[in-house]
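Have a look at the structure below, then the notes.
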Amino acid sequence: MALSTGGAPRPLEDSESMSETTSSRPHWASRWENRFDAALASVLRRRGWEPRIEPYTGYGLAATDPGDAGYLGDGWVRVLGRVVLAPRQAGAAKHGSLGDPTALPESSAPTPRRLGRPRAEGPEPLRAVRGWRSFLTAQLPGAHVIVTVDGHEHRTVADRGGYVDVVVSSGLGEGWHEVSVRPAEDGPTVSAPVRVVGRQVRTGLVSDVDDTVMVTSLPRPLTAIWNLLVLHEDARRPVRGMADLYAEIDSLEDQLPVVYLSTNTWNGAAALRRFFAFHGLPAGPMLLTDWGPTNTGWFRSGREHKFHSLERLARELPHVRWILVGDDGQHDPLVYNRFAQMYPDHVRAIAIRQLSPGEQVLAHGAPTPTVQARAGMSAGAGPAIPVVSAPDGARLRRSLRAAGVLPGGPATMDA
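The UniProt record's numbering puts the first residue of the sequence shown at 1, with every later residue one more than the last.
Structure representation (structure tokens):
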């Protein structure tokens with residue numbers, strides 16, 4: 001869903017899909033997947049399975065006059081989730097059954113770690129379970145869903161992947177809130193967290209995930225197979241120094257919004273959330289992708305997913321200037337610089353983590369950054385937008401301080 005600069009949401013039926021690219025004639029693989037999903041849903045329903053919602057973290061814009069009773073407001077929230085089928089027992093699936101065992105309710109008000117505070121251990125520990133369990137889901141395409149915000153009900157329909165991605169009017173003020181989401185037919189109600197951005201906020205953080213905050217060190221085609229299908233959740237390692245860098249960025253402004261923009265699949269969203277909390281990374285919405293066939297082909301473009309997500313953030317939150325953090329293993333420099341050149345008023349700085357030669361080989365087969373990454377770095381983002389690069393979070397902090405993005409300067413840099 002595209003929003004006007006003023007932030008007023010369009011009607012629900014105009015919402016964009018989280019998993020779909022429109023086409024007058026869907027790709028044959030997409031049609032086959034639709035038939036398979038319909039057949040699986042029919043079988044599971046006969047076995048007594050019911051719809052349930054897997055909530056994802058959303059975001060929104062604060063109302064100008066929040067808190068008035070019955071006030072629908074000129075703010076809005078983007079509510080994200082997925083409708084799946086699960087056994088009727090308490091509306092949740094057990095390990096080993098079709099259902100996402102990591103899809104647990106998220107904290108409505110997670111507290112990001114700031115400098116000087118002890119490292120957060122997260123709302124729950126990382127799990128010693130293999131990631132493939134997250135992919136054993138049975139989505140329910142076209143399911144009718146009821147979203148309740150401030151006591152007002154809004155009806156919407158899940159897309160062909162079972163995803164719910166809808167913007168509704170809201171009178172909520174700045175900060176973390178919960179909205180209620182439930183299937184229109186019988187099924188449990190769940191709370192979906194939303195991060196409402198204040199209208200006075202001027203700085204935000206957008207971060208990539210793989211090789212930026214989480215060590216991948218595998219060929220990109222195998223990243224998903226290993227990190228999300230094979231590797232135990234508690235075996236994933238953070239990139240050194242990134243938690244401290246993000247804590248300092250978070251300290252720039254009260255209620256600074258953090259958004260994780262990645263080509264990771266939505267099936268791993270709950271595991272990523274636990275990873276961020278466990279390693280002291282700030283909580284925030286995740287803008288991920290859905291793997292598998294689209295209406296136009298076999299795969300989605302990760303580069304276009306990132307660029308269009310940034311465009312949408314610029315439209316929806318026009319008062320925020322983003323610090324964009326990524327790595328030079330693939331397309332982040334090109335995507336970020338393209339966005340900065342087209343929307344310079346929406347970018348405060350670009351920070352790129354430099355992969356080691358070994359990581360570069362694993363990422364794309366050569367010991368140096370790709371042609372696209374080098375082109376993105378050399379193109380520049382304009383004279384008013386600092387672009388820095390370094391191999392870890394500590395050195396990125398120093399570079400951002402030297403560039404005037406973080407407080408302090410050369411005289412107060414870390415040793």
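Beta carbons: idealized from backbone N, C-alpha and C, even for Gly.
Beta carbon proximity, residue i to chain B, threshold 8 Å
i: G284; result: Absence of chain B from the displayed structure is noted, only one protein chain being present.
According to DSSP, residues forming a beta bridge with residue i
i: S191; result: S180
i: V147; result: H154 and V181
i: L287; result: L261
i: Q139; result: V84
i: A351; result: V325 and V388
i: G75; result: S170
i: P282; result: DSSP output for P282 lists no bridge partner at all.
i: E54; result: R82
i: V320; result: Paired residues: none, contrary to the question.
i: L61; result: W76 and V197
Buried/exposed call for residue i, threshold 16 Cβ in 10 Å
i: T189; result: exposed
i: A314; result: buried
i: G404; result: exposed
i: D65; result: exposed
i: G151; result: exposed
i: S399; result: buried
i: P383; result: exposed
i: Q200; result: exposed
i: D250; result: buried
i: D345; result: exposed
i: E153; result: exposed
i: residue 417; result: One cannot answer for residue 417 here, as it falls past the ends of the chain, which runs 1 to 415.
Contacts around residue i, its chain only, beta-carbon distance under 8 Å, and the 5 residues preceding and following it disregarded
i: T212; result: V239, M242, V325, G326, D327, D332 and R353
i: Y343; result: L310, E311 and A314
i: R273; result: T57, E106, A283 and M286
i: E178; result: S108, S191, A192, P193 and V194
Residue i, DSSP secondary structure in three states
i: Y246; result: helix
i: D345; result: helix
i: R401; result: helix
i: W266; result: helix
i: R395; result: helix
i: L205; result: strand
i: D159; result: coil
i: V335; result: helix
i: E311; result: helix
i: G241; result: coil
i: R274; result: helix
i: E253; result: coil
i: R303; result: helix
Own chain partners of residue i with C-beta closer than 7 Å, once the 5 adjacent residues on each side are dropped
i: P51; result: V83, L85, L140, A143, P183, E185 and G187
i: residue 417; result: Within the shown structure, residues of the chain are numbered from 1 to 415, placing residue 417 beyond reach of any answer.
i: V209; result: Y260, S262, N264 and L272
Contact set for residue i: own chain, Cβ-Cβ below 6 Å, skip 5 residues either direction
i: A63; result: G73, D74, G75 and G171
i: T148; result: S180
i: residue 416; result: Because the chain spans 1 through 415 in this model, residue 416 falls outside it and cannot be assessed.
i: S389; result: I352 and Q354
Stretch-stretch touch, CB-based, cutoff 8 Å, three pairs: the segment 188-207 with the segment 250-263
Flag = yes, the segment 188-207 and the segment 250-263 touch.
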